[in-house]
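Residue numbers (the working numbering): 2 to 409.
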């Protein structure tokens with residue numbers, strides 16, 4: 002089975018194409034921006050922007066990579082390369098990459114067992130091109146689609162914020178992607194259910210989680226006999242501190258827990274501007290940090306929290322588990338945490354549920370120690386080998402559906 006991967010951006014640090022390449026399964030990788038460090042013009046661009054510096058993976062050094070680098074960079078303003086880009090700019094970038102990938106796919110012919118996997122919102126033309134050249138076509142859906150968008154818009158409005166909704170054309174093209182694809186891959190039960198709720202056929206959906214392999218093995222944590230003012234429970238939130246990720250829930254829970262020996266570390270972009278307020282003395286807002294520094298924060302914490310309202314997967318919870326960190330998370334993300342074994346699943350997306358879970362952690366440090374050991378073994382279920390096996394099964398089903406449609 003030969004694979005083509007069409008991916009805009011550096012999603013999951015290129016884990017999927019890299020894992021396929023390392024197993025001899027990657028025929029070609031199509032992406033928008035690719036900046037190998039050994040080229041002078043590339044070095045200059047990498048030096049100019051940390052975000053651009055991330056557009057390369059040494060794991061794909063010997064792979065066949067087709068990129069639209071300079072035109073893609075030229076088409077973007079400085080604002081598009083920064084956080085908080087608007088929907089029209091994002092949609093334009095997706096359309097541009099989709100045209101580029103489709104043009105390259107039209108020049109290829111699928112071998113027997115050829116599969117193309119294209120990431121959602123930048124795949125309508127690419128999927129059609131792949132199928133026209135004999136590939137089975139898989140849409141890799143990155144989130145919960147319009148159901149998630151509606152949920153987040155309602156959340157923003159209830160918080161008094163402006164709901165920044167995608168244009169109608171965004172969802173029309175997404176519907177085209179869903180109809181064209183032979184199979185649709187999602188990363189969680191939550192994302193699958195979101196798509197079913199808006200009419201995507203269940204039989205067209207397959208679940209495969211994200212993959213993760215830690216840079217070095219972790220050992221189970223040692224916890225104090227009790228948490229107190231000298232040894233407070235340290236709670237880590239890592240990622241964009243946004244309404245969608247449950248930032249307001251965390252702030253409200255922290256207010257309820259004032260006076261308890263608990264301190265919070267928030268590592269990531271503060272989209273609510275909470276750091277500028279004086280109401281959160283027990284919360285340290287540390288801002289964004291380079292990826293290679295995140296391990297240090299996982300090691301400093303006693304528990305990880307992610308009270309997200311909706312995530313396609315949320316790789317941070319898997320990283321936390323791999324570091325031996327019990328996780329307290331919403332069930333509206335990837336199916337990683339084993340409730341009561343490697344962490345806790347929140348019964349509701351509200352501050353009271355998070356408060357209760359943190360109070361339980363505060364009072365049961367030795368249970369956290371047992372959860373730490375289970376978290377490490379749980380992370381082993383998400384190795385590249387395990388996930389690629391699931392992906393290949395989805396590829397076989399896509400080929401079966403493709404061949405069945407061709408023979409109809």
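The C-beta atom is built at its ideal place from N, Cα and C for all residues, glycine as well.
Residue range of the beta strand (DSSP E) that residue i falls in?
{"i": "residue 362", "result": "Not the beta strand (DSSP E): residue 362 falls in the alpha helix (DSSP H), residues 352-364."}
{"i": "residue 119", "result": "115-120"}
Got a sec? Which residues, its chain only, sit under 7 Å from residue i by beta carbon, not counting five neighbours each side?
{"i": "residue 84", "result": "Note that residue 84 has pLDDT 47, beneath the 50 cutoff, so the model's placement of it is unreliable and the number below is only indicative. Answer for residue 84: 270, listed in chain order."}
{"i": "residue 82", "result": "Caution applies to residue 82, whose pLDDT of 49 falls short of 50 and renders its modelled position unreliable; the model cannot decide the point."}
{"i": "residue 281", "result": "252, 255, 275"}
{"i": "residue 258", "result": "356, 359"}
{"i": "residue 385", "result": "20, 212, 214"}
{"i": "residue 182", "result": "128, 138, 139, 140"}
{"i": "residue 1", "result": "There is simply no residue 1 to check, as the chain begins at 2 and stops at 409 in what is shown."}
{"i": "residue 152", "result": "310, 311"}
{"i": "residue 79", "result": "Bear in mind that a pLDDT of 44 at residue 79, under 50, signals an unreliable position, so the number given afterwards is only what the model happens to contain. Excluding positions up to five away in sequence, the list is empty."}
{"i": "residue 250", "result": "308, 350, 351, 352, 355"}
{"i": "residue 291", "result": "none"}
Based on Cα-Cα distance, which residue from the options lies nearest to residue i?
{"i": "residue 127", "options": "188, 21, 106, 227", "result": "106"}
{"i": "residue 388", "options": "299, 10, 21", "result": "21"}
{"i": "residue 52", "options": "89, 14, 360, 276", "result": "14"}
{"i": "residue 296", "options": "191, 218, 250, 384", "result": "218"}
{"i": "residue 398", "options": "138, 176, 153", "result": "138"}
{"i": "residue 298", "options": "309, 286, 308", "result": "286"}
{"i": "residue 39", "options": "57, 404, 294, 72", "result": "57"}
{"i": "residue 111", "options": "294, 321, 27", "result": "27"}
{"i": "residue 62", "options": "157, 23, 87", "result": "23"}
{"i": "residue 9", "options": "245, 306, 34", "result": "34"}
{"i": "residue 194", "options": "144, 288, 165", "result": "144"}
{"i": "residue 130", "options": "109, 142, 113, 121", "result": "109"}
{"i": "residue 73", "options": "59, 60, 46", "result": "46"}
{"i": "residue 119", "options": "76, 179, 173", "result": "179"}
{"i": "residue 404", "options": "5, 132, 76, 43", "result": "132"}
{"i": "residue 173", "options": "208, 190, 207, 121", "result": "121"}
{"i": "residue 208", "options": "288, 407, 43, 392", "result": "392"}
{"i": "residue 247", "options": "177, 381, 278, 347", "result": "347"}
{"i": "residue 191", "options": "337, 241, 44", "result": "337"}
Could you spell out where the alpha helix (DSSP H) holding residue i opens and where it closes?
{"i": "residue 297", "result": "295-301"}
{"i": "residue 257", "result": "248-257"}
{"i": "residue 95", "result": "88-106"}
{"i": "residue 209", "result": "Element bounds for residue 209: n/a, residue is neither H nor E."}
{"i": "residue 44", "result": "41-49"}
{"i": "residue 21", "result": "16-23"}
{"i": "residue 146", "result": "146-159"}
{"i": "residue 127", "result": "125-133"}
{"i": "residue 318", "result": "316-323"}
{"i": "residue 178", "result": "169-181"}
Name the one or two DSSP bridge partners that residue i has.
{"i": "residue 263", "result": "234"}
{"i": "residue 32", "result": "8, 68"}
{"i": "residue 239", "result": "268"}
{"i": "residue 141", "result": "120, 186"}
{"i": "residue 368", "result": "Bridge partners of residue 368: none, in fact."}
{"i": "residue 285", "result": "266"}
{"i": "residue 307", "result": "330"}
{"i": "residue 340", "result": "344"}
{"i": "residue 3", "result": "115"}
{"i": "residue 244", "result": "DSSP output for residue 244 lists no bridge partner at all."}
{"i": "residue 27", "result": "4"}
Under 6 Å Cβ to Cβ from residue i, same chain only, skipping five residues before and after it: list those, please.
{"i": "residue 256", "result": "none"}
{"i": "residue 115", "result": "3, 136"}
{"i": "residue 31", "result": "7, 67, 102, 105"}
{"i": "residue 374", "result": "221"}
{"i": "residue 65", "result": "29"}
{"i": "residue 171", "result": "92"}
{"i": "residue 70", "result": "34, 35"}
{"i": "residue 166", "result": "154"}
Kindly list the residues whose CB is nearer than 8 Å to the CB of residue i, restricted to its own chain and excluding five residues on each side of it in sequence; keep chain order.
{"i": "residue 211", "result": "13, 16, 188, 314, 316, 319, 335, 383, 388"}
{"i": "residue 168", "result": "88, 89, 92"}
{"i": "residue 436", "result": "What the structure shows of the chain is the stretch from 2 to 409, and residue 436 is not part of that stretch, so it cannot be assessed."}
{"i": "residue 370", "result": "221, 222, 223, 224"}
{"i": "residue 244", "result": "153, 156, 157, 160, 162, 272, 273, 310"}
{"i": "residue 233", "result": "262, 263, 264"}
Legend entry - Cβ pair count under 8 Å reaching 3, the region 353-360 against the region 187-204: Output reads no: the region 187-204 does not touch the region 353-360.
Inset, instruction - Examine the Cβ distances between the region 323-336 and the region 223-233 and report whether three or more of them are shorter than 8 Å. - result: Contact fails: fewer than three Cβ-Cβ distances are below 8 Å.
Inset, instruction - Could you tell me whether the region 204-217 touches the region 237-244, using the rule of 3 or more Cβ pairs below 8 Å? - result: no
Inset, instruction - Evaluate the contact criterion for the region 89-105 versus the region 141-150: three or more CB pairs, one atom per stretch, below 8 Å. - result: When Cβ pairs closer than 8 Å are counted between the two stretches, the region 89-105 is seen not to touch the region 141-150, the count staying below three.
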